[in-house]
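Below: the structure, in structure tokens.
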Amino acid sequence: MKKKTLLIGALGLASMLASHAFAQHAVTFTTEAYPPLTYREPDGTYRGAGIEQVGAMMRNASIPFTMEIMPWARAIALAETQPMHCVFAAARTPEREQKFKWVTPLNVDRNFLVRNAQSAVRAETMDEAKRYTIGTHRADYTESLLRERGFPTVDLSADFAFTLNKLLEQRIDMMPMSESAFEKLREDGKPLEKVILFSEQQLGIACNRDMPDQMIERMQDGLDTLIRDKRQDAILEQYGVRPLRWWAR
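Residue numbers (our numbering): 1 to 249.
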């Protein structure tokens with residue numbers, strides 16, 4: 001009995017020490033401006049379905065954190081190279097799988113090639129789409145996917161907003177865009193039209209490989225609680241994003 005008491009006490013002390021260690025090391029989250037998942041209000045406040053989920057997850061896990069919106073190439077590079085850094089919402093692709101430790105899912109989304117509704121661009125197949133100039137932003141998974149699929153003319157920009165402006169000004173013909181972002185931009189009056197389905201992917205949090213496994217587990221537990229309590233669905237629907245149950249049909 002005494003040995004059992006000592007073991008329980010030791011486990012409790014280890015848990016307390018781990019919690020204290022986490023409290024001393026805040027996780028830095030980087031992301032890009034990509035409404036409705038992540039964006040900055042005019043007053044500087046961060047909003048979006050991804051922002052809300054990550055904040056709730058970290059509060060569930062009792063781990064301090066900070067967030068910063070920046071160009072995607074820098075955001076994902078920091079998560080890959082800097083300890084205690086994570087990036088979201090990252091597409092979980094085979095190419096990225098071993099580069100990070102993952103906490104998922106924040107969302108499942110489809111990606112379409114999108115055109116300016118005022119342009120004459122037309123394509124019904126991927127081969128037909130290859131005749132056009134396709135824009136995307138550096139280090140996004142769509143850049144790799146475009147090259148893997150043999151698109152000959154890929155125009156790169158610093159971030160999503162720059163690529164979108166090029167499309168609206170008809171300096172590029174099409175760009176890959178998540179369905180949730182497309183729907184938000186259409187609601188905002190942007191003249192955009194879907195051309196062809198490009199991909200379907202799970203989005204999540206990609207953390208530096210040196211992140212302690214126990215911290216990753218606590219973050220995953222925090223996200224799982226969000227999903228189990230239906231709060232994830234409520235957050236996604238609040239921002240006009242299809243909840244995960246839609247994809248399970």
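Ideal Cβ placement from N, Cα and C applies to all residues, glycine included.
- In the three-state reduction of the DSSP assignment, T125 falls in the coil class, being assigned neither a helical nor a strand state.
- Collapsing the DSSP output to three states places L168 in a helix.
- The count of Cβ pairs closer than 8 angstroms, one atom from the stretch 129-145 and one from the stretch 209-222, stays below three, leaving the stretches out of contact.
- Excluding sequence positions up to five before and after Q82, its CB lies within less than 7 angstroms of the CB of N208, all in the same chain and listed in chain order.
- In the three-state scheme derived from DSSP, where H, G and I count as helix and E and B as strand, V54 is classed as helix.
- Residue range 213-228 is occupied by the alpha helix (DSSP H) that includes G222.
- With a cutoff of 8 angstroms on beta-carbon distance, I216 and V103 are scored as near each other.
- Assignment of alpha helix (DSSP H) within the stretch 23-105, counting only whole runs of 4 or more residues, yields 49-61, 72-81, 94-97 in chain order.
- Between the alpha carbons of D159 and Q201 lies a gap of roughly 20 angstroms.
- Taking the CA atoms as reference points, W72 sits about 15 angstroms from I51.
- Bridge partners of S157 according to DSSP: H137.
- Contact between the stretch 227-244 and the stretch 180-199 is present: 3 or more CB-CB pairs across the two stretches fall below 8 angstroms.
- Comparing alpha carbon positions, the residue from N60, F100, M58 closest to A206 is F100.
- For the set T153, A79, L113, N111, the Cα lying nearest the Cα of Q98 is the one of A79.
- Contact between K130 and F151 is confirmed by a C-beta separation of about 5 angstroms, below the 8 angstroms threshold.
- Bounds of the beta strand (DSSP E) holding K194 are 192-207.
- For S119, no beta strand (DSSP E) run applies, since DSSP gives it neither H nor E.
- About 6 angstroms separates the CB atoms of V27 and I63; that is less than 8 angstroms, so the two are in contact.
- The beta carbon of A75 is closer than 7 angstroms to those of T30, T31, E32, V87 in its chain, skipping five residues each way along the sequence.
- In the DSSP assignment, no residue is bridged to P243.
- Boundaries for F151: no alpha helix (DSSP H) harbours it, and the DSSP string shows neither H nor E there.
- Inclusion of E95 and S144 in the CB contact set at 8 angstroms is warranted, their separation being smaller than that value.
- By the neighbour-count definition (other C-beta atoms within 10 Å, threshold 16), T38 is a buried residue.
- In the three-state reduction of the DSSP assignment, D109 falls in the strand class, which pools E and B.
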